[in-house]
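Visitor: So the sequence shown is numbered by the working numbering: it starts at 1447 and just counts up by one.
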Amino acid sequence: MKPFGIGSNKALLCFIIDTVLVYITVIACVLLSGSMDIQNVLEIAIPLVSIGIILPWVYLLVIRYTTFNNYYKAAICLSISGVYFYIFNSIVDMIIDKKDFSMPVVNLAVWNNTYINGNVGLIIFVSTILLGVAFTIAGVIYSQKKNVVDSSYES
1447 MKPFGIGSNK
1457 ALLCFIIDTV
1467 LVYITVIACV
1477 LLSGSMDIQN
1487 VLEIAIPLVS
1497 IGIILPWVYL
1507 LVIRYTTFNN
1517 YYKAAICLSI
1527 SGVYFYIFNS
1537 IVDMIIDKKD
1547 FSMPVVNLAV
1557 WNNTYINGNV
1567 GLIIFVSTIL
1577 LGVAFTIAGV
1587 IYSQKKNVVD
1597 SSYES
């Protein structure tokens, strides 16, 4: 029987500790500074920290705990990042300003204060999705070449 240890789960343990410490730090700083009461901490600060920490956790889970090749992992992380960053400000507005969820306004022909955030967000979103597609294609090619090489060793 193999002894139990943290061996292959060091990254997970580190993320758990870091996550707990981030929450403790934010709660302590906000409460000790007097800028928020406990209700605002629970309604605003904790949700903001939570949405901010989601992406690193997704990266950890995809990169460390999936069995896909590295091209597929990069494609997944890029695609999720594109979606995440495109909707991030809308979610922050929901939490802080208690607004309904709305996508950023986009008009690539106009680059003023009304549209710049949406325009830049859309460009980043499309770029990361296209890069995700490119890495997916690279992953398929890599898998096919690997299968050809593996089958030649079996002969």
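Cβ atoms here follow ideal geometry from the backbone N, Cα and C, with glycine treated the same way.
Given a threshold of 16 other Cβ atoms within 10 Å of its Cβ, counted over all protein chains shown, does Cys-1523 qualify as buried or as exposed?
Guide: Cys-1523 comes out buried.
Visitor: Just to confirm my understanding: we take Pro-1550, look at its own chain, exclude 5 residues before and 5 after, and list those with CB closer than 6 Å. What are they?
Guide: Here the set comprises Asn-1563, Gly-1564 and Gly-1567.
Visitor: Quick check: what's the CA-CA separation for Leu-1467 versus Ala-1491?
Guide: Distance between the alpha carbons of Leu-1467 and Ala-1491: 14 Å.
Visitor: If you draw a straight line from the C-alpha of Val-1594 to the C-alpha of Ile-1509, how long is it?
Guide: When rounded, the distance between both Cα atoms is 25 Å.
Visitor: Could you compute how far the alpha carbon of Ala-1457 sits from the alpha carbon of Asn-1516?
Guide: If you take the alpha carbons of Ala-1457 and Asn-1516, they lie about 17 Å apart.
Visitor: Pull up the distance between the alpha-carbon of Val-1538 and that of Asn-1455, whole angstroms please.
Guide: If you take the alpha carbons of Val-1538 and Asn-1455, they lie about 32 Å apart.
Visitor: Could you pull the start and end residues of the alpha helix (DSSP H) that Asp-1543 belongs to?
Guide: 1516–1543 is the extent of the alpha helix (DSSP H) around Asp-1543.
Visitor: Relative to the C-alpha of Asp-1464, which residue among Ile-1499, Glu-1489, Lys-1544 and Thr-1513 is closest?
Guide: Ranking Ile-1499, Glu-1489, Lys-1544 and Thr-1513 by Cα distance to Asp-1464 puts Ile-1499 first.
Visitor: In three-state terms, what does DSSP make of Thr-1513?
Guide: Three-state result, Thr-1513: coil.
Visitor: How is Asn-1486 classed by DSSP in three states: helix, strand or coil?
Guide: Residue state, collapsed to three classes: helix.
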